[in-house]
Amino acid sequence: MINSENAVLEARDVTIRYGGHAAVKNVNLSIYEKKITAIIGPSGCGKSTLLRSLNRMNDFIDHVTQDGEILYRDTNLYDEGVDPVEVRLHMGMVFQRPNPFPKSIFRNVAWGPTINGLPGDINLRVERALKQAALWEEVKDRLDDSALNLSGGQQQRLCIARALAMEPEVILMDEPCSALDPVSTARIEDLLFELKQNYTIVIVTHNMQQASRVSDYTAFMESGTLIEYGDTDQVFTRPKQKRTEDYVTGRFG
Amino acid sequence: MKISPSTNGDSLGHRSASLRRRHVVASLFKALCIGFTLFAVSVLGLLIAQVGADGLPWLDAQFLNNFPSRFPEKAGVKSALYGTLWVVSLTALIALPMGVLAAIYLEDYAPASRLTRVIEINIANLAGVPSIVYGILGLAIFVRFFGLERSVLAGAMTMSLLILPVIIISSKEAIRAVPSSIRLAAYAVGATQWQVVRSHVLPAAIPGILTGVILALSRAIGETAPLIMIGALTYVAFTPEGPMDEFTALPIQIFNWASRPQAEFHELAAAGIIVLLAVLLTMNALAVLIRYKGTQK
Chain A
1 MINSENAVLE
11 ARDVTIRYGG
21 HAAVKNVNLS
31 IYEKKITAII
41 GPSGCGKSTL
51 LRSLNRMNDF
61 IDHVTQDGEI
71 LYRDTNLYDE
81 GVDPVEVRLH
91 MGMVFQRPNP
101 FPKSIFRNVA
111 WGPTINGLPG
121 DINLRVERAL
131 KQAALWEEVK
141 DRLDDSALNL
151 SGGQQQRLCI
161 ARALAMEPEV
171 ILMDEPCSAL
181 DPVSTARIED
191 LLFELKQNYT
201 IVIVTHNMQQ
211 ASRVSDYTAF
221 MESGTLIEYG
231 DTDQVFTRPK
241 QKRTEDYVTG
251 RFG
Chain B
1001 MKISPSTNGD
1011 SLGHRSASLR
1021 RRHVVASLFK
1031 ALCIGFTLFA
1041 VSVLGLLIAQ
1051 VGADGLPWLD
1061 AQFLNNFPSR
1071 FPEKAGVKSA
1081 LYGTLWVVSL
1091 TALIALPMGV
1101 LAAIYLEDYA
1111 PASRLTRVIE
1121 INIANLAGVP
1131 SIVYGILGLA
1141 IFVRFFGLER
1151 SVLAGAMTMS
1161 LLILPVIIIS
1171 SKEAIRAVPS
1181 SIRLAAYAVG
1191 ATQWQVVRSH
1201 VLPAAIPGIL
1211 TGVILALSRA
1221 IGETAPLIMI
1231 GALTYVAFTP
1241 EGPMDEFTAL
1251 PIQIFNWASR
1261 PQAEFHELAA
1271 AGIIVLLAVL
1281 LTMNALAVLI
1291 RYKGTQK
């Protein structure tokens, strides 16, 4: 059903512990190129922890240990020779709450490419990223304004533009709409369809409608375990596991 | 059990006894707060008025340009003023980078280990150690062991020890107040730790750091005990030319004048206090200015 030819990322037997507590248990999961993969599940099921392991953001949390491998085109992201800073150049991230830098709109997008010395004209790069994030028309006349003056939805699209400006291969999104109103959420979902042309997207969400609307593949996690993974249609309409069915139909617990 | 609104549909305007009592307590508390604020402010006002009345008549160019003298009409604060400026500048040069770097290390780099915690607790304790103890330390280490004698440098290093804990603690607070979401956002676009600290943590923390530094330097300006301990002289008829020269400082000069029997010297002490306050206020104004410029960008 899922062809494994074009997997960009592959988690193999991944277990992640906070101190003694295992938040993610023996997860095997492949992320496919230029598809949207949704990870759903109840709060505390380990879906955000799993997402953060894909660009080594768990490195910043104390007492986290990880077993297993995350393969990115056959290289384990956790091999000793791998620089986590380089990993994050390939995997961009958008966070749960909009977190623009307290700087100008332009600087927010330009900072990453600048410090990494990415080639090309920075003005063009910022414009392209803002256009891709469907924010350009709203901000093109006030690029020097503080990003903090934007609305919540605009700030989140700015954060998406900030990730896009780095031209990553994969974009990881950790419940990117949970702090937004329905109109802003709809705009970001539309945006995801556009971005799918060029990027591989992994989105963590506890909004099941969102997962069924936007994703190609859906992974359902519960208590740190991957219960089911497959085509989104199949997971939502013909789940193979009883627990998946209970969750997606709202008969949870 | 029946649940019904406690007011039972009464119209407004029938305040219960309990509500009236609560309003009385609220007003009493407010009056108490205003009373104590007024008391504190009027004591301060009285103090300043007293100092001004005594000292202002003596405050002229001659007072600022003369060295201390046995004759009140010839005495001035030149050597003490220069000494204080020398010590404070050197102290800032030593303690500011050291304190801020230590704070950055403790907040952003140090592992969350038991050792780190022990160090942090001890820094907090050091902030409460009486200043005379730092004076003894300075005397033993800088004056005697390193042979710096009674120099400006020995005084500045002693003062640096005294205010380092304050600078570290306030800088740590300012750095901690920078939201971690900003740090994570910066890491997520491929920044190294140094780039995150330089471009996001420090710019956001600088106003808070500066406030702490100015408070600490203000404390250093007023400190007398450690300087007496390391032997800063009371009678110095020259201004320091370099960090190895002997010196005196404003609080020492003020104390010296205040402890003389003649009334004129008491008024000279008041004039010295005005000069000390002026130096202090200038420093604070400078800090406000820097903070203002910093937030403009």
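Going down the list, the protein sequences come from chains A and B.
For the first sequence, the numbering used here assigns the number 253 to the last residue and increments by one with no breaks.
For the second sequence, the numbering used here assigns the number 1297 to the last residue and increments by one with no breaks.
Glycine included, every Cβ here is placed at the ideal spot set by N, Cα and C.
Since the model is a prediction, treat every value here as computed from it, not as a measurement.
So, does the CB of ASN6/A fall closer than 7 Å to a CB anywhere in chain B? Against the first sequence, residue 6/A aligns to sequence position 6. Not one chain B Cβ lies under 7 Å of ASN6/A.
Check for me: the beta strand (DSSP E) holding GLU69/A runs from which residue to which? By one-based count along the first sequence, residue 69/A stands at place 69. Unbroken beta strand (DSSP E) run through GLU69/A: 64 to 72.
With a cut-off of 8 Å, do at least 3 Cβ pairs link the stretch 1177 to 1190 of chain B to the stretch 1147 to 1162 of chain B? Contact fails between the stretch 1177 to 1190 of chain B and the stretch 1147 to 1162 of chain B, because fewer than three Cβ pairs, one in each stretch, are under 8 Å apart.
Please confirm if SER1113/B has its CB atom under 7 Å from at least one CB of chain A. Start at 1 with the first residue of the second sequence, and residue 1113/B comes out as number 113. No, because no Cβ of chain A sits closer than 7 Å to the Cβ of SER1113/B.
Any contact between the stretch 35 to 46 of chain A and the stretch 214 to 230 of chain A? By contact I mean 3 or more CB pairs, one from each, below 8 Å. Yes: the two stretches touch, three or more of their Cβ pairs being nearer than 8 Å.
Taking Cβ-Cβ distances shorter than 9 Å, what residues in chain B pair up with PHE95/A? Counting from 1 along the first sequence, the entry for residue 95/A is found at position 95. Chain B residues near PHE95/A: SER1181, LEU1184, ALA1185, ALA1188.
When the Cα atoms are used, what is the spatial distance from LEU1201/B to PRO100/A? Translated into positions along the second sequence, residue 1201/B becomes position 201. Translated into positions along the first sequence, residue 100/A becomes position 100. In the sequence on display, residue 1201/B carries Val and not Leu. If you take the alpha carbons of VAL1201/B and PRO100/A, they lie about 14 Å apart.
Outcome for LEU1046/B when other beta-carbon atoms lying within 10 angstroms are tallied against a minimum of 16: Along the second sequence, one-based indexing puts residue 1046/B at 46. Flag for LEU1046/B reads exposed.
For GLY152/A, does the three-state DSSP call read helix, strand or coil? In the first sequence, the residue the question calls residue 152/A occupies position 152. Correct three-state label for GLY152/A: helix.
Counting only the same chain and skipping the five closest in sequence on each side, list residues whose C-beta sits under 8 Å from that of PRO1243/B. Taking the second sequence and counting its residues from 1, one reaches residue 1243/B at position 243. If we look at PRO1243/B and ignore the five residues flanking it on each side, its Cβ neighbours are TRP1086, LEU1090, SER1151, VAL1152, LEU1153, ALA1156.
Three-pair Cβ contact test at 8 Å for the stretch 1112 to 1128 of chain B versus the stretch 1241 to 1256 of chain B: No, because fewer than three Cβ pairs between the stretch 1112 to 1128 of chain B and the stretch 1241 to 1256 of chain B fall closer than 8 Å, the two stretches do not touch.
Does the Cβ of GLU1223/B lie closer than 6 Å to at least one heavy atom of the ligand HEM? By its list of ligands, the structure shown contains no ligand whatsoever, and the ligand HEM lies outside what it can speak to.
Residue from TYR18/A, ASP190/A, PRO113/A, ALA147/A whose Cα sits closest to the Cα of GLY224/A: One-based indexing of the first sequence puts residue 224/A at position 224. Ranking the options by Cα distance to GLY224/A, first place goes to TYR18/A.
Would you call ARG1022/B buried or exposed, if buried means 16 or more other Cβ atoms sit within 10 Å of its Cβ? Your numbering for residue 1022/B matches position 22 in the second sequence. With fewer than 16 other beta carbons inside 10 angstroms of its own, ARG1022/B counts as exposed.
Cβ atoms of GLY1212/B and SER1170/B: under 7 Å apart, would you say? In the second sequence, residue 1170/B corresponds to position 170, counting from 1. In the second sequence, residue 1212/B corresponds to position 212, counting from 1. Yes, the Cβ-Cβ distance between SER1170/B and GLY1212/B is below 7 Å.
Determine whether the Cβ of ASN116/A lies closer than 7 Å to any Cβ atom of chain B. The count along the first sequence starts at 1 and reaches residue 116/A at position 116. True, the Cβ-Cβ gap to chain B drops below 7 Å.
So what does ILE40/A bridge to, in DSSP terms? As a first step, residue 40/A must be located in the first sequence, where it is residue number 40. Bridge pairing for ILE40/A: PHE220/A [DSSP].
Within a Cβ cutoff of 7 Å, which residues of the same chain sit near PHE1063/B, ignoring the five residues on either side of it in sequence? Looking up residue 1063/B in the second sequence gives position 63. Excluding positions up to five away in sequence, the list reads GLY1076, VAL1077, ALA1271.
Going by Cα to Cα distance, which pick from PHE236/A, PRO113/A, SER53/A, ASP233/A is closest to TYR78/A? In the first sequence, counting from the first residue as 1, residue 78/A sits at position 78. Checked all of PHE236/A, PRO113/A, SER53/A, ASP233/A; the closest Cα to TYR78/A is SER53/A.
Shorter than 7 Å from the beta carbon of ASN99/A to some beta carbon of chain B? Taking the first sequence and counting its residues from 1, the one referred to as residue 99/A is at position 99. When Cβ-Cβ separations below 7 Å define contact, ASN99/A makes contact with chain B.
7 Å Cβ cutoff, GLN183/A in contact with chain B: As a first step, residue 183/A is located in the first sequence; it is residue number 183 there, counting from the start. In the sequence as presented, Gln is not what sits at residue 183/A; that position holds Val. No, VAL183/A lies away from the interface with chain B (no Cβ there is under 7 Å from its Cβ).
Taking 8 Å as the cut-off, does the stretch 1162 to 1176 of chain B touch the stretch 1095 to 1106 of chain B (at least 3 CB pairs, one atom from each stretch)? The answer is yes - the stretch 1162 to 1176 of chain B touches the stretch 1095 to 1106 of chain B, with three or more Cβ pairs under 8 Å.
What residue ranges within the stretch 1017 to 1056 of chain B form continuous alpha helix (DSSP H) runs of no fewer than 4 residues, ordered along the chain? The qualifying runs are 1017 to 1055.
What are the residues that DSSP puts in a beta bridge with ARG17/A? To locate residue 17/A, count along the first sequence from 1; it is residue 17. ARG17/A has ALA22/A, THR65/A as its beta-bridge partners, per DSSP.
Does the distance from the CB of ALA161/A to the CB of ARG125/A come in under 7 Å? Here residue 161/A corresponds to residue number 161 of the first sequence, with the count starting at 1. Here residue 125/A corresponds to residue number 125 of the first sequence, with the count starting at 1. In this structure, ALA161/A keeps its C-beta atom at 7 Å or more from the C-beta atom of ARG125/A.
For a quick check, are the C-beta atoms of GLN156/A and PRO98/A less than 7 Å apart? Looking up residue 156/A in the first sequence gives position 156. Looking up residue 98/A in the first sequence gives position 98. Yes, the pair counts as a contact, with Cβ atoms nearer than the cut-off.
At 7 Å on the CB atoms, spell out the chain B contacts of GLY112/A, in chain order. Residue numbering aside, residue 112/A sits at position 112 when the first sequence is read from its first letter. Against GLY112/A, the close residues of chain B are VAL1189, GLY1190, in the order they occur along the chain (beta-carbon pairs closer than 7 Å).
Neighbouring residues, chain A, relative to ALA1204/B (Cβ below 8 Å): The sequence position of residue 1204/B within the second sequence is 204, counting from 1. Here the neighbours are PRO102.
Residues near ALA1216/B in its chain [Cβ-Cβ closer than 6 Å; skip 5 each side]: In the second sequence, residue 1216/B corresponds to position 216, counting from 1. These residues qualify, in order along the chain: ILE1163, VAL1166, ILE1167.
Round the Cβ separation of GLY1083/B and PHE1247/B to the nearest angstrom and send it over; I've been treating them as touching at under 8 Å. Here residue 1083/B refers to the residue found at position 83 of the second sequence. Here residue 1247/B refers to the residue found at position 247 of the second sequence. PHE1247/B and GLY1083/B do touch by the CB rule: their CB atoms are close to 4 Å apart, below 8 Å.
Under 7 Å between the Cβ atoms of LEU143/A and ILE105/A? Numbered from 1 along the first sequence, position 143 holds the residue referred to as residue 143/A. Numbered from 1 along the first sequence, position 105 holds the residue referred to as residue 105/A. Judged by beta-carbon spacing, ILE105/A lies within the 7 Å limit of LEU143/A, meaning their Cβ atoms are closer than that value.
Closest to ILE1132/B by CA distance: which of GLY1231/B, ALA1263/B, GLU1267/B is it? Locating residue 1132/B in the second sequence gives position 132, where the first residue counts as 1. Between ILE1132/B and the set GLY1231/B, ALA1263/B, GLU1267/B, the nearest pair of CA atoms involves GLY1231/B.
Whole-angstrom Cβ separation of THR15/A and GLY68/A, contact assumed at under 8 Å? Taking the first sequence and counting its residues from 1, one reaches residue 15/A at position 15. Taking the first sequence and counting its residues from 1, one reaches residue 68/A at position 68. 6 Å between Cβ atoms; contact.
The alpha helix (DSSP H) with MET1229/B in it runs from where to where? On the second sequence, position 229 is the one that residue 1229/B refers to. From DSSP, the alpha helix (DSSP H) with MET1229/B extends over 1225 to 1229.
Compare the C-beta of MET221/A against all C-beta atoms of chain B and say whether one is closer than 7 Å. Taking the first residue of the first sequence as 1, we reach residue 221/A at position 221. False, the Cβ-Cβ gap to chain B never drops below 7 Å.
Quick check on the DSSP output: the alpha helix (DSSP H) that includes GLY1212/B runs from which residue to which? Your numbering for residue 1212/B matches position 212 in the second sequence. Where GLY1212/B is concerned, the enclosing alpha helix (DSSP H) stretches over 1202 to 1222.
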